[in-house]
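Asker: Take a look at the following structure, please.
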Amino acid sequence: MIALLLRDIRLSMRSGGGFGLALAFFLIVIVLVPFGVGPETSVLGTIAPGILWVGALLACLLSLDRIFALDYDDGSLDLMATSPLPLEGVVVVKALAHWITTGVPLTLIAPVLALLLNLPQDGYFWLLVTLAIGTPALSIIGTFGAALTVGLKRGGLLLSLLVLPMYVPTLIFGAEALRRGMRGMEAGVPLLFLAAISLAALALLPLAAAAAIRINLR
Amino acid sequence: MTLEVQSVAVQRGSVPVLAGVDFALPAGEALFLRGPNGIGKTTLLRCIAGLQPPLSGVVRMANGGAATDEIAYASHADGVKPTLTVAENLSFWASVFGASGIDAALETFDLVELRNRAAQNLSAGQKRRLGLARMLVTGRNIWAMDEPTVSLDAAATANFARVVQDHLARGGSALIATHIDLGFDAKVLDLTPFKATTENAPEFDEAFL
Numbered sequence: 001m002i003a004l005l006l007r008d009i010r011l012s013m014r015s016g017g018g019f020g021l022a023l024a025f026f027l028i029v030i031v032l033v034p035f036g037v038g039p040e041t042s043v044l045g046t047i048a049p050g051i052l053w054v055g056a057l058l059a060c061l062l063s064l065d066r067i068f069a070l071d072y073d074d075g076s077l078d079l080m081a082t083s084p085l086p087l088e089g090v091v092v093v094k095a096l097a098h099w100i101t102t103g104v105p106l107t108l109i110a111p112v113l114a115l116l117l118n119l120p121q122d123g124y125f126w127l128l129v130t131l132a133i134g135t136p137a138l139s140i141i142g143t144f145g146a147a148l149t150v151g152l153k154r155g156g157l158l159l160s161l162l163v164l165p166m167y168v169p170t171l172i173f174g175a176e177a178l179r180r181g182m183r184g185m186e187a188g189v190p191l192l193f194l195a196a197i198s199l200a201a202l203a204l205l206p207l208a209a210a211a212a213i214r215i216n217l218r
Numbered sequence: 219m220t221l222e223v224q225s226v227a228v229q230r231g232s233v234p235v236l237a238g239v240d241f242a243l244p245a246g247e248a249l250f251l252r253g254p255n256g257i258g259k260t261t262l263l264r265c266i267a268g269l270q271p272p273l274s275g276v277v278r279m280a281n282g283g284a285a286t287d288e289i290a291y292a293s294h295a296d297g298v299k300p301t302l303t304v305a306e307n308l309s310f311w312a313s314v315f316g317a318s319g320i321d322a323a324l325e326t327f328d329l330v331e332l333r334n335r336a337a338q339n340l341s342a343g344q345k346r347r348l349g350l351a352r353m354l355v356t357g358r359n360i361w362a363m364d365e366p367t368v369s370l371d372a373a374a375t376a377n378f379a380r381v382v383q384d385h386l387a388r389g390g391s392a393l394i395a396t397h398i399d400l401g402f403d404a405k406v407l408d409l410t411p412f413k414a415t416t417e418n419a420p421e422f423d424e425a426f427l
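Respectively, the protein sequence lines represent chains V and W.
First residue of the first sequence: 1, per the numbering used here; consecutive thereafter.
First residue of the second sequence: 219, per the numbering used here; consecutive thereafter.
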């Protein structure tokens, strides 16, 4: 299990692994928004929570199709399915590796980029907290989507269409918690919902994803 | 440690390809699967390795254990990651299967000098040797191999035949789909007579796919 985690992190760091892709996309979106919206800082501050969350979500989406497709293409997935590793465990480790290489860097860089959007001062703490709690859900749901579409050539479009609706609750509660926290309002309820989504995804989706992979490998 | 395959039928892409395949593979023996292209050698091997369920029939160990815990499967694709080095690739599989080291496997397949080279810079034959070295670190008894000698040169093929014979001598067994003569005596199973026809194809429910 740990060997698989280390292998996946190592693969994503090496050339062509796509480690910087999500970060670069997030950076580009956040840098371009002020140019598009205009320089009024009050407007930017108002839309900052939504833009930051949408940006992070789309950046996450960008690297999903690599989670299983590369292993499927070179035959590793077949070999893993016949190895002593349980497929459910493989799914959890793959999601964890995706989170470490995508969710964690996005969470850490978001406060820096939030400066460009004039996020109010109270928002920085909540930005870190909501992204740290919400991005695991994005990785796990995305891994499930990748498992559903493994084996399809150019399955990226289908993957996005499948995953985006499942991302909506995470986006709503994440952005809402951030907005409330930023205005000094009570943010506990949306934050708890966000945590509940992450935990439920972690509990249920690995089983579903492993079943999907078994069917797709036939 | 005998693998039993009893009246197994398999399908590829919802088309039944083989039906009524029967054989037993005791420890210490090898069995060559032969037959024309498309007869279903790969599909049968995938079924025996546990990647797809048989349409009918059973694959099991004679002592009642699960066959999937005994079988190491080598597919057409080697499962080699291009950006990892030879040693990194092999170490990953060694730790997945709980093997202690990779040095013996590297030496057996003459990969010691290549151990720190990225797999993307290997030739096809070298990559295949790396894929075959994985079988040694699995530590499993039954090798199910699909065309293992593709892109190997004569010397490497002879070396591979020796490795298989050593494996048999240690009480392992091997199920090999191949078209070439590996140069040692083993049973041969020609799959041509087991080709599925519409009469002997069992009923199955497409909705379960």
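Positions of the beta carbon are idealized from the N, C-alpha and C atoms, including for glycine.
Using 10 angstroms around the beta-carbon of G357 (chain W), count the other beta-carbons present and answer buried if the total reaches 16, otherwise exposed.
Answerer: G357 (chain W) comes out exposed.
Asker: Look up S313 (chain W) in the DSSP assignment and say whether it is helix, strand or coil.
Answerer: Here S313 (chain W) sits in helix by DSSP.
Asker: Identify whether L64 (chain V) lies in helix, strand or coil by the three-state DSSP scheme.
Answerer: Here L64 (chain V) sits in coil by DSSP.
Asker: Write down every uninterrupted run of the beta strand (DSSP E) in the region 298-342 of chain W whose length is 3 residues or greater and which is fully enclosed by it, in chain order.
Answerer: DSSP runs (the beta strand (DSSP E)) wholly in the region 298-342 of chain W: none.
Asker: By the criterion of Cβ-Cβ separation under 7 Å, what are the contact partners of V368 (chain W) in chain V?
Answerer: Result: empty, since nearest Cβ-Cβ is about 13 Å, beyond 7 Å.
Asker: Check the Cβ of A295 (chain W) against every Cβ in chain V and list those closer than 9 Å, keeping chain order.
Answerer: The answer, in chain order, is D73, D74, G75, S76, D78, L79.
Asker: Of all the CB atoms in chain W, is at least one closer than 8 Å to the CB of A201 (chain V)?
Answerer: No, A201 (chain V) lies away from the interface with chain W (no Cβ there is under 8 Å from its Cβ).
Asker: Check the Cβ-Cβ distances between L262 (chain W) and every residue of chain V, and say whether any is below 8 Å.
Answerer: With 8 Å as the cut-off, L262 (chain W) does not count as an interface residue toward chain V.
Asker: Give the range of the alpha helix (DSSP H) segment to which W126 (chain V) is assigned.
Answerer: Element bounds for W126 (chain V): 123-149.
Asker: Hey, L348 (chain W) and V406 (chain W) are a contact pair by Cβ (cut 8 Å); roughly how many whole angstroms apart?
Answerer: About 28 Å separates the two Cβ atoms, so there is no contact after all.
Asker: For the region 85-101 of chain V, enumerate the residues whose C-beta is nearer than 8 Å to any C-beta of chain C, in chain order.
Answerer: Annotation note: the requested chain C is absent from the structure, which comprises protein chains V and W.
Asker: Could you compute how far the alpha carbon of S293 (chain W) sits from the alpha carbon of M363 (chain W)?
Answerer: Cα to Cα, S293 (chain W) sits roughly 6 Å from M363 (chain W).
Asker: Determine, using beta carbons only, whether L61 (chain V) comes closer than 8 Å to chain W.
Answerer: Not closer than 8 Å to any Cβ of chain W, the Cβ of L61 (chain V) fails to qualify, so no.
Asker: Just checking: is the beta-carbon of V314 (chain W) within a distance shorter than 8 Å of some beta-carbon in chain V?
Answerer: Yes, V314 (chain W) lies at the interface with chain V (some Cβ there is under 8 Å from its Cβ).
Asker: I need the DSSP call for P206 (chain V), collapsed to helix, strand or coil.
Answerer: In the structure shown, P206 (chain V) sits in a helix (DSSP, three-state: H, G or I).
Asker: Going along the chain, which residues of its own chain have a beta-carbon closer than 6 Å to the beta-carbon of K413 (chain W), five neighbours each way excluded?
Answerer: Closer than 6 Å at the Cβ level, and outside the excluded window around K413 (chain W), lies no residue.
Asker: Tell me which residues share the same chain as L115 (chain V) and place their Cβ nearer than 6 Å to its Cβ, disregarding the 5 neighbours each side in the sequence.
Answerer: Taken in chain order, the list of residues that qualify is empty.
Asker: Nearest chain V C-beta to A425 (chain W) closer than 8 Å, yes or no?
Answerer: With a pLDDT of 49 at A425 (chain W), under the threshold of 50, the modelled position of this residue cannot be trusted; read the value that follows with caution. Output row for A425 (chain W): interface = no.
Asker: What residue does the alpha helix (DSSP H) around V168 (chain V) start on, and which one ends it?
Answerer: Where V168 (chain V) is concerned, the enclosing alpha helix (DSSP H) stretches over 156-182.
Asker: Can you look up V29 (chain V) in the DSSP assignment and give me helix, strand or coil?
Answerer: Looking at V29 (chain V) - three-state DSSP - the assignment turns out to be helix.
Asker: With 16 as the cutoff for other CB atoms within 10 Å, does T233 (chain W) come out buried or exposed?
Answerer: Per the sequence shown, the amino acid found at residue 233 (chain W) is Val instead of Thr. Classification of V233 (chain W): exposed, given that the 10 Å Cβ count is below 16.
Asker: Since I believe Q224 (chain W) is in contact with G275 (chain W) (beta carbons under 8 Å), could you give me their beta-carbon distance rounded to a whole number of angstroms?
Answerer: Contact holds; Cβ gap of about 5 Å.
Asker: For E88 (chain V), which three-state DSSP category applies?
Answerer: Residue state, collapsed to three classes: helix.
Asker: Can you tell me which of V:D122, V:G38, V:L61 puts its alpha carbon nearest to the alpha carbon of G18 (chain V)?
Answerer: For G18 (chain V), the nearest C-alpha among the options comes from V:L61.
Asker: Would you say T326 (chain W) faces chain V, with C-beta separation under 8 Å as the test?
Answerer: Chain V contact via Cβ: absent.
Asker: CA-CA distance, L400 (chain W) and D321 (chain W)?
Answerer: Answer to the nearest angstrom: the Cα atoms are 25 Å apart.
Asker: Can you list, in chain order, the residues of its chain with a C-beta nearer than 7 Å to that of L427 (chain W)? Leave out the 5 residues immediately preceding and following it.
Answerer: Caution applies to L427 (chain W), whose pLDDT of 48 falls short of 50 and renders its modelled position unreliable; the model cannot decide the point.
Asker: Suppose you measure from the CA of P136 (chain V) to the CA of G142 (chain V); what does that come to, to the nearest Å?
Answerer: Cα-Cα distance, rounded: 10 Å.
Asker: Between the C-alpha atoms of L159 (chain V) and F315 (chain W), what's the straight-line distance to the nearest angstrom?
Answerer: Near 32 Å, if we compare the C-alpha coordinates of F315 (chain W) and L159 (chain V).
Asker: Step through the CB atoms of chain V and report whether any lies within less than 8 Å of the CB of V226 (chain W).
Answerer: So, not an interface residue.
Asker: Report the neighbours of R7 (chain V) on chain W: residues whose CB is nearer than 8 Å to its CB, in chain order.
Answerer: Ordered by position in chain W, the residues that pass the 8 Å Cβ test against R7 (chain V) are K299, L302, E306, F310.
Asker: Using only the alpha-carbon positions, how far apart do A146 (chain V) and A373 (chain W) sit?
Answerer: In a straight line, the C-alpha of A146 (chain V) is about 42 Å away from that of A373 (chain W).
Asker: To the nearest angstrom, how far is the alpha carbon of V33 (chain V) from that of I47 (chain V)?
Answerer: Approximately 10 Å between the Cα atoms of the pair.
Asker: Confirm the yes/no value for this check: CB of A59 (chain V), any heavy atom of the ligand FAD, distance under 7 Å.
Answerer: This structure simply doesn't include the ligand FAD, nor any ligand for that matter.
Asker: At a CB-CB cut-off below 7 Å, which residues of chain V make contact with A267 (chain W)?
Answerer: Those within 7 Å of A267 (chain W) in chain V are T82.
Asker: Tell me, which residues are paired with E222 (chain W) by DSSP?
Answerer: Paired residues: W:A242, W:R278.
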